[in-house]
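Q:
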Amino acid sequence: MSDFLASLTQVQQWISSLAARYTVFFPTPHGEANYRFTAIGADDDVRFAPYRPTITPPVKLLVPAREELFRFQHKEDGDLLLSPSVDSSFRVIAGVRPCDLKGIFLMDLFFERGVADPYYLARRENTAIIGYACTTPCTDRVFCAAVDSLDHRQGADLFLTPLASGEILVEANTERGIGLLDSTDLPPCEDGPARKIGAIAARPETYGRSFDADVQSLSGIVEQYWDSPLWDKHTERCFSCGTCNLVCPTCYCFDVRDNLALDTVSGSRTRTWDGCMLPGFAQVAGGHNFRPQPAGRQRHRVKRKFEYLPTKYGHGPVCVGCGRCGRQCTVDIDIYDIVHDLIEGGKS
Ligand code: SF4
Ligand code: SF4
Numbered sequence: 001m002s003d004f005l006a007s008l009t010q011v012q013q014w015i016s017s018l019a020a021r022y023t024v025f026f027p028t029p030h031g032e033a034n035y036r037f038t039a040i041g042a043d044d045d046v047r048f049a050p051y052r053p054t055i056t057p058p059v060k061l062l063v064p065a066r067e068e069l070f071r072f073q074h075k076e077d078g079d080l081l082l083s084p085s086v087d088s089s090f091r092v093i094a095g096v097r098p099c100d101l102k103g104i105f106l107m108d109l110f111f112e113r114g115v116a117d118p119y120y121l122a123r124r125e126n127t128a129i130i131g132y133a134c135t136t137p138c139t140d141r142v143f144c145a146a147v148d149s150l151d152h153r154q155g156a157d158l159f160l161t162p163l164a165s166g167e168i169l170v171e172a173n174t175e176r177g178i179g180l181l182d183s184t185d186l187p188p189c190e191d192g193p194a195r196k197i198g199a200i201a202a203r204p205e206t207y208g209r210s211f212d213a214d215v216q217s218l219s220g221i222v223e224q225y226w227d228s229p230l231w232d233k234h235t236e237r238c239f240s241c242g243t244c245n246l247v248c249p250t251c252y253c254f255d256v257r258d259n260l261a262l263d264t265v266s267g268s269r270t271r272t273w274d275g276c277m278l279p280g281f282a283q284v285a286g287g288h289n290f291r292p293q294p295a296g297r298q299r300h301r302v303k304r305k306f307e308y309l310p311t312k313y314g315h316g317p318v319c320v321g322c323g324r325c326g327r328q329c330t331v332d333i334d335i336y337d338i339v340h341d342l343i344e345g346g347k348s
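Numbering-wise (the working numbering), the sequence shown opens with residue 1 and increments by one.
Right, dumping it as structure tokens:
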């Protein structure tokens, strides 16, 4: 839509000024190595580097770990009073890296298509996103380039690209993005597209971990595996703790519970995160469990990300290569290694 040029100081001051007006989440260090998207104040530091992936991705701000859906109450006349708990407060999420931006883009698809989810959509509609380009791999775990998320831009109201000159290219992609710049006086940048190409060319040629297969072929490769010792190999150490699901920017499964106050026949309905690696995830009424073994659960998880959902939505792998699941897994089980083995196994 429009490109502008800014110094790093201008961008930092501008984000601080936004924090004086709105709720602004920004990746902030906690302890030695952990980053979290935290609501910042106008006086807090806004630093883009150094950077490590946050433990949970920014999309989880749109799908809280536990949220109330509605309250209900039986009235004396027999009617049922329902009060939905839709959160439509405005917020800004700034410093969103391309892999996490793609995670939000994919979540938009999941929650918009089919039965649209009013809770997610209300939050999303009222969330402005400021993306930030990566110039070097943020950890040795990432494989964002291998799954086509390194250059993802869709869904950001504004996108910031650090240039070799030390300046920042500010791309405004929406009217809301233009509005967020209203307190600035940044000069327009006429050659924004050329500068973007230059920034991409300056990145390392091999960016993070790669697969020995192109991204379009991954779905077909994963489809070939059902009964395979590889699923057992990659769950021998698994505790079935579900952490890999909970930190993933594209996992969205949840459980729903009613909380009843029987004396007044009133209560609330809440939903909480769930995860397909948890032992009880596929257990149904009567006690039957469709995926009682970790290997079956791992197969389901990998196939969802690389076969089922890519086939359904047509936007490539539903794994953005952020490396969080491998990084947070206590026993170092990494989805990259699993897909790597499936690719190698297919060659024998
Ligand atoms: S985080 Fe690791 S141990 Fe926990 S369920 Fe996932 S693969 Fe298994
Ligand atoms: S599966 Fe792992 S690497 Fe892929 S998006 Fe989820 S957390 Fe990131």
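For glycine and all other residues, C-beta sits at the position ideal for the given N, C-alpha and C.
Grab me the residues of residue 254's own chain with a C-beta within less than 8 Å of its C-beta, minus the 5 sequence neighbours each way, in chain order.
A: 63, 271, 272, 273, 274
Q: Going by other Cβ atoms of all chains shown within 10 Å of its Cβ, with 16 needed for buried, is residue 318 buried or exposed?
A: buried
Q: With respect to 8 Å, is the separation between the Cβ of residue 331 and the closest non-hydrogen atom of ligand 1 below this value?
A: For ligand 1, at least one heavy atom lies less than 8 Å from the Cβ of residue 331.
Q: Closest to residue 8 by C-alpha separation, out of 87, 310, 95, 80, would be which residue?
A: 95
Q: Got a sec, what are the start and stop residues for the alpha helix (DSSP H) residue 129 sits in?
A: Looking at the DSSP string, residue 129 is not in any alpha helix (DSSP H); the run it does join, the beta strand (DSSP E), is 127-132.
Q: Taking only heavy atoms of ligand 1 into account, decide whether any of them is closer than 8 Å to the Cβ of residue 290.
A: no
Q: Rounded C-beta distance between residue 46 and residue 16? I'm assuming under 8 Å.
A: 6 Å
Q: Do you know how far the Cα of residue 97 is from the Cα of residue 242?
A: Using only the alpha carbons, I get a separation of about 24 Å.
Q: Suppose only complete runs of 4+ residues qualify. What are the alpha helix (DSSP H) ranges in the region 69-133, listed by chain order?
A: 98-112, 118-125
Q: Could you name the residues of the same chain whose beta carbon sits closer than 7 Å to that of residue 348, not counting the 5 residues immediately before and after it, in chain order?
A: Bear in mind that a pLDDT of 44 at residue 348, under 50, signals an unreliable position, so the model cannot answer this.
Q: What are the partner residues of residue 168, as DSSP defines its beta bridges?
A: 6, 162
Q: Would you call the region 101-121 and the region 314-331 touching, i.e. three or more CB-CB distances under 8 Å?
A: yes
Q: Is DSSP giving residue 16 helix, strand or coil here?
A: Three-state result, residue 16: helix.
Q: Pull up the CB-CB distance for residue 130 and residue 155, whole angstroms please, since I reckon it's below 8 Å.
A: Going by Cβ atoms, the distance from residue 130 to residue 155 rounds to 11 Å, so no, they are not a contact pair.
Q: In the structure shown, what three-state DSSP assignment does residue 152 receive?
A: coil
Q: Give me whichever residues DSSP pairs with residue 262 in a beta bridge.
A: The partner list for residue 262 (beta bridge, DSSP) is empty, contrary to what the question assumes.
Q: Which residue's Cα is closest to the Cα of residue 57: 124, 35, 204?
A: 35
Q: Measuring from the CB of residue 294, is there a heavy atom of ligand 1 at a distance below 8 Å?
A: yes
Q: How is the beta strand (DSSP E) around residue 30 delimited, first residue to last?
A: 23-30
Q: Please tell me whether residue 235 and residue 298 are closer than 9 Å, where the distance is taken between their beta carbons.
A: yes
Q: What residue from 148, 316, 21, 61 has the CA that sits closest to residue 42's CA?
A: Looking at the Cα atoms, 21 is the closest of the given residues.
Q: Would you say the beta carbon of residue 244 is closer than 8 Å to some non-hydrogen atom of ligand 1?
A: yes
Q: Of all the options 265, 193, 276, which has the alpha carbon lying nearest to the alpha carbon of residue 78?
A: In terms of CA proximity to residue 78, 265 leads the group 265, 193, 276.
Q: Classify residue 39 as helix, strand or coil using the three-state DSSP reduction.
A: Strand at residue 39.
Q: Taking a contact to mean a Cβ-Cβ separation below 9 Å, would you say residue 337 touches residue 345 in this structure?
A: no
Q: Would you call residue 48 buried or exposed, if buried means 16 or more other Cβ atoms sit within 10 Å of its Cβ?
A: buried
Q: Leaving out five residues on either side along the sequence, give the residues of the same chain with a beta carbon under 7 Å from the beta carbon of residue 294.
A: Same-chain partners within the cutoff: 235, 238, 240.
Q: Rank 148, 133, 251, 143 by C-alpha distance to the C-alpha of residue 195 and give the top, closest one.
A: 133
Q: Going by C-alpha to C-alpha distance, which of 86, 50, 223 sits closest to residue 67?
A: 86
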